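Input: a single structure, listed below in structure tokens.
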Amino acid sequence: MEHKHLDQLRTVADVQSRSLTRQERLERWISLLERNPTRRLNSLGEIEYKPPEERALIREDNSPLTVAFEDPVLRAEGLGSDRLGDAMNFFELSDGQAHYALCSCLSGRNMEAASFAQRLRNTMTDANWRLGAWALAGLALSLPGVIYLIH
Numbered sequence: 309m310e311h312k313h314l315d316q317l318r319t320v321a322d323v324q325s326r327s328l329t330r331q332e333r334l335e336r337w338i339s340l341l342e343r344n345p346t347r348r349l350n351s352l353g354e355i356e357y358k359p360p361e362e363r364a365l366i367r368e369d370n371s372p373l374t375v376a377f378e379d380p381v382l383r384a385e386g387l388g389s390d391r392l393g394d395a396m397n398f399f400e401l402s403d404g405q406a407h408y409a410l411c412s413c414l415s416g417r418n419m420e421a422a423s424f425a426q427r428l429r430n431t432m433t434d435a436n437w438r439l440g441a442w443a444l445a446g447l448a449l450s451l452p453g454v455i456y457l458i459h
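As structure tokens, this is what we get:
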């Protein structure tokens, strides 16, 4: 079988690429994080205390969002920036899922890429991330954090 690049195939056939599904986008992000599992990445600072319009603009250098935005495939699929709001929209993350996976109050100021990858993987099944988020919120005894997680 002869292999050709997509651009070459377009000259002889009507080739249409399809967009990645939510799960495929998340799996790609997770695999990017797992390529360098011990890389220390910055979490996002206490996102639950920010008003929604300010929360959407949050970003940190060298964060899991940076890893996603550096990927040309995810950018081509529509990831607009390494800001939290763009990532939440693109990966279809709820406030609670983003908080569980990326916030400093649950993970400290930085963490290994593999740990962020596992948290993102947990968000792919509702039961896992909700259980983990509630357990961590209970340990922190943070009423604002608990209220944030249930919304």
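Adding 308 to a residue's 1-based position in the sequence shown gives its number in my numbering. C-beta atoms are modelled at their ideal positions from N, C-alpha and C, and glycine is treated no differently. Note that the structure is predicted; figures quoted are calculated from it, not measured.
Practice task
With a cut-off of 8 Å on the beta carbons, I'd call Ser402 and Ser351 a contact; round off their distance for me.
Solution key: Wrong, their Cβ atoms sit about 18 Å apart, outside the cutoff.
Problem - When Thr374, Glu356, Glu368 are compared against Arg417, the one with the closest alpha-carbon - result: Relative to the Cα of Arg417, the nearest Cα in the group Thr374, Glu356, Glu368 belongs to Glu368.
Handout entry: Among Met432, Leu428, Phe424, Thr433, the one whose alpha carbon lies nearest that of Thr346
Key = When only C-alpha atoms are compared, the closest one is Phe424.
Problem - Close beta carbons around Ile338, own chain, < 8 Å, minus the five adjacent residues each side - result: Excluding residues within five positions, the ones whose Cβ falls inside 8 Å are Ala425, Leu428, Arg429.
Exercise for the section: Have a look at Leu392, Pro372, Met432, Phe399 and flag the residue whose alpha-carbon is nearest the alpha-carbon of Arg363. Expected result: Proximity to Arg363 across Leu392, Pro372, Met432, Phe399 peaks at Leu392, based on C-alpha coordinates.
Exercise for the section: Using beta-carbon positions only, say whether Cys365 and Phe377 come within less than 9 Å of one another. Expected result: Correcting the residue identity first, residue 365 is Leu in this sequence and not Cys. Taking 9 Å as the Cβ cut-off, Leu365 and Phe377 do not qualify as a contacting pair.
Exercise for the section: Indicate the three-state DSSP secondary structure (helix, strand or coil) for Glu420 in the structure shown. Expected result: In the structure shown, Glu420 adopts extended strand secondary structure according to DSSP, grouped into three states.
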